[in-house]
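For reference, the structure is listed below as structure tokens.
Residue numbers (my numbering): 152 to 423.
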């Protein structure tokens, strides 16, 4: 009887080993590096439970700026990235680190500022003129300063305005979108923000949308898989399942359905 018990225990342990090994290797885990906007807005908290329930995968999220998210991809630290800086993403793919980029969704950037709009940018002809007015009047401006997609967009606008952003009142804080908006609100400063995170934080801010609508402010997102050749040991199967789900009819419908205070934050954009 004792031998039988020992044999049964040994068999149970042997049966458990493959599952434990898989769990240890992380094959049930998909590691995602993405932007703070997809996390702070609540979009991921809305989407991931459905994907995880249907697929059996668990998605572990690293929410950071686009530059850092792509570095995680280059280093093989994650299985998939979801970012919003087209030029940096194109280089990531052309350098051989990313594969199968898919246009997933879009929202837009807005310029937030004090309600009285001290730099007078509401009537600017375009966002480049709006930024030039902020610099000319030396009105406080808070920059994320963190190599995020938002920071890259901001720097591109300053460049088009032929302004070096080192004027009195310009503050690069090296933090995410939420802290940047809160800092701007406390300072009575302008800040470039993605609309999704703004809508999620708007009740905490003493800021208005003072400029919007310029086509330059379009903010597209892509989901990109990591190179199998460079990093064969990543969870490519799980990453593919996640990417496929995001662009599926269900995933795209859920993206379009996501609301805060009845307002849509993102527009699904994937096309076969």
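For every residue, glycine included, the Cβ atom is placed at its ideal position computed from N, Cα and C. Keep in mind it's a predicted model, so treat the numbers as computed, not measured.
Close beta carbons around residue i, own chain, < 6 Å, minus the five adjacent residues each side
i, result
"residue 321", "292"
"residue 243", "221, 249"
"residue 348", "188, 191, 192, 328"
"residue 365", "277, 278"
Test item: CB-CB of residue i and residue j under 8 Å
i, j, result
"residue 393", "residue 257", "no"
"residue 318", "residue 289", "yes"
"residue 279", "residue 308", "yes"
"residue 181", "residue 232", "no"
"residue 213", "residue 239", "no"
"residue 332", "residue 263", "yes"
"residue 227", "residue 358", "no"
"residue 224", "residue 179", "no"
"residue 296", "residue 272", "no"
"residue 270", "residue 341", "yes"
DSSP-derived helix/strand/coil call for residue i
i, result
"residue 285", "helix"
"residue 237", "helix"
"residue 244", "helix"
"residue 418", "strand"
"residue 294", "strand"
"residue 315", "coil"
"residue 259", "strand"
"residue 380", "coil"
"residue 123", "Residue 123 cannot be examined here, being either before or after the span of the chain that is shown, 152 to 423."
Residues of its chain near residue i, where Cβ-Cβ distance is below 7 Å and the 5 sequence neighbours each way are ignored
i, result
"residue 305", "294, 343"
"residue 114", "The structure shown does not extend to residue 114, since the chain is modelled only from 152 to 423, so the question has no answer here."
"residue 252", "240, 244, 373, 375"
Integer-rounded CB distance, given that residue j should sit under 8 Å from residue i
i, j, result
"residue 234", "residue 373", "6 Å"
"residue 405", "residue 201", "7 Å"
Distance between residue j and residue i (C-alpha atoms, nearest Å)
i, j, result
"residue 402", "residue 350", "21 Å"
"residue 400", "residue 313", "43 Å"
"residue 369", "residue 300", "12 Å"
"residue 203", "residue 355", "31 Å"
"residue 352", "residue 282", "23 Å"
"residue 236", "residue 371", "8 Å"
"residue 389", "residue 411", "29 Å"
Proximal residues to residue i (C-beta, below 8 Å), its chain only, five neighbours per side dropped
i, result
"residue 382", "227"
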